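Single-structure report; data block below.
There are 2 protein chains.
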Amino acid sequence: MTVKQLALPELVEACARLGVPAVGLWREPVAAYGLEATAKLVRDAGLTVTSLCRGGFFTTADSLDDNRAAIDEAAALGTDALVLVSGGLPPGSRDLVAARERIADALAVLAPYAGERGVRLAIEPLHPMYASDRCIVSTLSQAMDLAERFPASQVGVVVDTYHIWWDDRAPAEVARAGAQGRIHSFQLADWVTPLPAGVLTGRGQLGDGAVDMREWRERVEATGWTGYIEVELFNDGLWARDGVEVLAETAERFAGEVF
Amino acid sequence: MTVKQLALPELVEACARLGVPAVGLWREPVAAYGLEATAKLVRDAGLTVTSLCRGGFFTTADSLDDNRAAIDEAAALGTDALVLVSGGLPPGSRDLVAARERIADALAVLAPYAGERGVRLAIEPLHPMYASDRCIVSTLSQAMDLAERFPASQVGVVVDTYHIWWDDRAPAEVARAGAQGRIHSFQLADWVTPLPAGVLTGRGQLGDGAVDMREWRERVEATGWTGYIEVELFNDGLWARDGVEVLAETAERFAGEVF
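The listed protein sequences correspond, in order, to chains A and B. Just so you know, we're using this note's numbering here: the first sequence kicks off at 1 and counts up by one. Just so you know, we're using this note's numbering here: the second sequence kicks off at 260 and counts up by one.
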C-alpha cells in the first residue's frame with residue numbers, strides 16, 4: 001500500500017532489485033491481478049508475503065462470508081497472517097461495548113476456519129481517531145483482550161506504530177503479546193501533523209515524525225519476536241510520486257531509522 | 260468558545276435571555292475586552308464563570324510566568340478552575356516519558372500558587388490525535404496519575420467527552436476522579452466524522468455523533484459530582500452561523516440529549 005501506484009509486477013521487480021525480501025499485499029490489487037497469478041508472481045520471484053490486508057469490518061451483514069474468502073486468499077498467497085480491521089460502530093449505534101462483543105462473536109466463527117488453513121487472524125488496533133467509523137478496537141490492550149479468548153495459533157495482533165505510539169500502556173502490551181507469541185504483524189509508519197481531512201492519508205515516512213522507530217523495533221524484538229517488519233504508509237504525497245523512487249527511499253529510511 | 264463569534268456583552272445578554280446560568284471563558288477574548296471589565300460584566304449579569312481556558316503548554320520556555328498570569332486571571336474572574344492543556348512534544352523530541360515528567364515539574368511549581376488564590380488546576384487529557392503537537396496527556400488515566408501527585412484542592416482533571424469517549428478505561432477513571440473530588444470541569448462535545456484537515460474544528464453538536472451524552476452525564480453524576488456542565492464545540496460550521504441562534508440550538512440540544 002506504501003507504493004500502491006505500482007502494478008504488482010512492477011512492485012515485485014522493484015523489491016527484487018532493492019533487495020526487499022518480503023511484502024504485505026492488499027486484497028483489491030490481488031483480486032485485480034488475479035489470485036493465482038499473484039501467488040505465482042511472488043513465488044517465482046522468491047518473495048515472501050508477510051500478510052494480507054484485510055478482513056474484518058464485522059459490522060456489515062455479509063462479513064463472515066467475506067472474511068472466509070479473505071482467509072482462503074491468504075492461504076493461496078502462502079501467508080500466515082490475515083490483518084483484521086474490526087469496523088466502527090454500527091449505523092445509529094453508540095454502544096461501544098456491544099460492538100466490541102460482536103467482534104468476539106465473529107472471531108469465534110472465523111478463528112477455527114483460519115487455523116485449519118494455516119492462517120492466523122491478526123487483530124489490528126487502529127488509532128482512536130478511527131473509533132467511530134473504521135475500528136472500535138483502539139488500543140493494543142483491547143486487541144489483546146480479544147485475542148486471548150482464542151488459541152495463539154489462530155488469533156493474534158498487529159503492532160503498528162502509527163496507531164499505538166502515543167499510548168503509555170502499549171510497551172507493556174507489546175511484551176504481553178510477544179510473550180504469548182501473538183505478534184503476527186509488525187508495521188511501521190511515522191506520526192506527522194497537521195493531519196489531512198479525513199485523517200486517512202497522512203502517515204509519515206519513517207524519520208519524518210514523532211515516532212522513535214528504533215525504540216519500537218527493540219521493544220518488539222525484546223520479546224523474542226523475529227520476523228519481517230512491514231512499512232505501511234498511506235500518504236497522498238508519496239502516492240503522487242514515482243513508486244520505485246518511493247520504495248527506494250523507504251528502504252533507505254528503513255535502514256537508517258529502524259536499525 | 261462554542262459561540263466565539265459573539266462579543267462578550269452579546270454572549271452575556273444571550274445567556275441571560277436563554278436562562279444559561281454559567282459560562283466558561285477563554286483568555287484571549289477576556290484580555291481583548293479587559294480583565295476587570297469582563298469580571299464586572301459577568302458579575303453584574305449574575306453569571307457564574309465555570310472555568311478559564313487555558314493554561315499549560317509547558318513545553319514553551321516562559322510557560323511558568325504565563326501560567327501564573329492565567330491563575331491570577333481566573334481568580335479575578337471568580338472561577339475556581341483553570342483548564343490546563345499540557346502542550347505536545349518539545350521540538351525535535353520523541354521522548355513522551357520525559358515530556359510527561361516535565362509537566363509534573365511545572366505542576367509542582369504552579370499548584371501551590373494556584374491553591375493560595377483559590378484556583379484549581381484542571382488537567383485536560385486531549386484526544387490521542389493531538390499527542391504530538393498539542394497535548395501529550397492523552398487519557399484520563401494519565402491525567403489522574405499526574406493529578407494524584409498533588410492535593411485535590413490544587414489539581415484535578417477535565418472530563419471532556421470529545422477526548423475520552425472512545426476509551427474503555429475512561430468510565431473507571433471518571434469514578435476514580437469523582438471519588439477523589441478531582442473532576443474540576445465536565446465538558447461535552449460530540450464525535451462526528453469525517454474530521455476536517457488539522458482536526459481542530461470538527462467537534463459535533465450534541466446529538467449529531469457517536470457519543471451517548473446522557474450516559475456520560477449519569478456516569479459523572481454517579482460519583483456524587485454536582486456542578487455546571489460546559490458545552491465546548493470547536494466547529495467551523497457553527498462559528499459561521501449567527502451566534503445567538505447557535506447558543507439557542509445548543510441549549511435545546513443540551514436539554515434533549517443530556518437529560
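Note that CB positions come from ideal geometry on N, CA and C, so glycine has one too. Note that the structure is a prediction, hence the values are computed from the model and not measured.
Nearest to residue 449/B (by Cα), restricted to the options 424/B, 442/B, 435/B: Within the second sequence, numbered from 1, the residue matching residue 449/B stands at position 190. Nearest C-alpha to residue 449/B: 424/B.
Near-chain B residues of the stretch 120-148 of chain A (beta-carbon distance less than 7 angstroms), N- to C-terminal order: 127, 128, 129, 131, 132, 133, 138, 142
Member of 492/B, 359/B, 430/B whose CA lies at the smallest distance from the CA of residue 396/B: To locate residue 396/B, count along the second sequence from 1; it is residue 137. Of the candidates 492/B, 359/B, 430/B, 359/B places its Cα closest to the Cα of residue 396/B.
Under 7 angstroms (Cβ pairs) to chain A, residues found in the stretch 451-467 of chain B: Cβ contacts with chain A: 452, 453, 454, 455, 456, 457, 458.
Ranges of the beta strand (DSSP E) found wholly within the stretch 76-150 of chain A, counting only runs of at least 3: 81-85, 120-123
Unbroken beta strand (DSSP E) run spanning residue 495/B, endpoints: The residue given as residue 495/B occupies position 236 in the second sequence. For residue 495/B, there is no enclosing beta strand (DSSP E); the residue is part of the alpha helix (DSSP H) that begins and ends at 495-498.
Below-8 angstroms beta-carbon distance, residue 85/A vs any chain B residue: Sequence index remark: in the first sequence, residue 85/A carries index 85 (1-based). No, residue 85/A does not count as interfacial toward chain B.
Residue 482/B and residue 434/B closer than 8 angstroms at C-beta: Taking the second sequence and counting its residues from 1, one reaches residue 482/B at position 223. Taking the second sequence and counting its residues from 1, one reaches residue 434/B at position 175. Between residue 482/B and residue 434/B, the CB-CB gap stays under 8 angstroms.
Beta-carbon gap between residue 465/B and residue 447/B smaller than 8 angstroms: Locating residue 465/B in the second sequence gives position 206, counting from the first residue. Locating residue 447/B in the second sequence gives position 188, counting from the first residue. Cβ atoms of residue 465/B and residue 447/B: closer than 8 angstroms.
Supposed contact pair residue 286/B and residue 340/B - C-beta distance, whole angstroms, cut 8 angstroms: On the second sequence, residue 340/B is found 81 positions in, with the first residue counted as 1. On the second sequence, residue 286/B is found 27 positions in, with the first residue counted as 1. The Cβ separation is near 13 angstroms, so there is no contact.
Meets three-Cβ-pair contact criterion under 8 angstroms: the stretch 263-274 of chain B and the stretch 13-31 of chain A: no
For residue 512/B and residue 462/B, the rounded distance between their alpha carbons: For the purposes of this step, residue 462/B is identified with residue 203 of the second sequence, where counting begins at 1. For the purposes of this step, residue 512/B is identified with residue 253 of the second sequence, where counting begins at 1. Their backbone Cα atoms lie some 14 angstroms apart in a straight line.
Alpha-carbon to alpha-carbon, residue 210/A and residue 402/B: Locating residue 402/B in the second sequence gives position 143, counting from the first residue. Locating residue 210/A in the first sequence gives position 210, counting from the first residue. Going from the Cα of residue 402/B to the Cα of residue 210/A covers about 21 angstroms.
Residue 442/B - partner residues in DSSP beta bridges: As a position in the second sequence, residue 442/B is number 183, starting the count at 1. Answer by DSSP bridge pairing, in chain order: 416/B.
Residue 151/A to residue 428/B span [Cα, whole Å]: Within the first sequence, the letter at position 151 stands for residue 151/A. Within the second sequence, the letter at position 169 stands for residue 428/B. When rounded, the distance between both Cα atoms is 25 angstroms.
Minimum Cβ-Cβ distance from residue 210/A to chain B less than 8 angstroms: As a position in the first sequence, residue 210/A is number 210, starting the count at 1. Taking Cβ atoms only, chain B reaches closer than 8 angstroms to residue 210/A, which makes this a yes.
Where the beta strand (DSSP E) through residue 308/B begins and ends: Taking the first residue of the second sequence as position 1, residue 308/B is located at position 49. Its beta strand (DSSP E) spans residues 307-315.
Residue from 133/A, 200/A, 237/A, 148/A with nearest C-alpha to residue 123/A: Along the first sequence, read from residue 1 onward, the residue named residue 123/A stands at position 123. Residue 123/A has its Cα closest to that of 148/A, out of 133/A, 200/A, 237/A, 148/A.
Residue burial classification, residue 160/A (beta-carbon count within 10 angstroms, cutoff 16): Residue 160/A sits at position 160 when you count from the first residue of the first sequence. Flag for residue 160/A reads buried.
Three or more C-beta pairs below 8 angstroms linking the stretch 297-310 of chain B and the stretch 343-353 of chain B: Look at the beta carbons and you see the stretch 297-310 of chain B not touching the stretch 343-353 of chain B: under three pairs across the two are nearer than 8 angstroms.
Test item: CB-CB of residue 487/B and residue 309/B under 8 angstroms: Position 228 of the second sequence holds residue 487/B. Position 50 of the second sequence holds residue 309/B. Yes, Cβ-Cβ distance for residue 487/B and residue 309/B is below 8 angstroms.
Contact residues within the stretch 322-353 of chain B, judged by C-beta distance below 7 angstroms to chain A: The stretch 322-353 of chain B vs chain A, Cβ under 7 angstroms: 348, 353.
Residue range of the alpha helix (DSSP H) that includes residue 41/A: By one-based count along the first sequence, residue 41/A stands at place 41. Counting along the chain, the alpha helix (DSSP H) containing residue 41/A begins and ends at 35-44.
Beta-carbon proximity of residue 333/B to residue 294/B, cut-off 8 angstroms: Reading the second sequence from its first residue, position 74 is the one you call residue 333/B. Reading the second sequence from its first residue, position 35 is the one you call residue 294/B. In this structure, residue 294/B does not lie closer than 8 angstroms to residue 333/B by Cβ.
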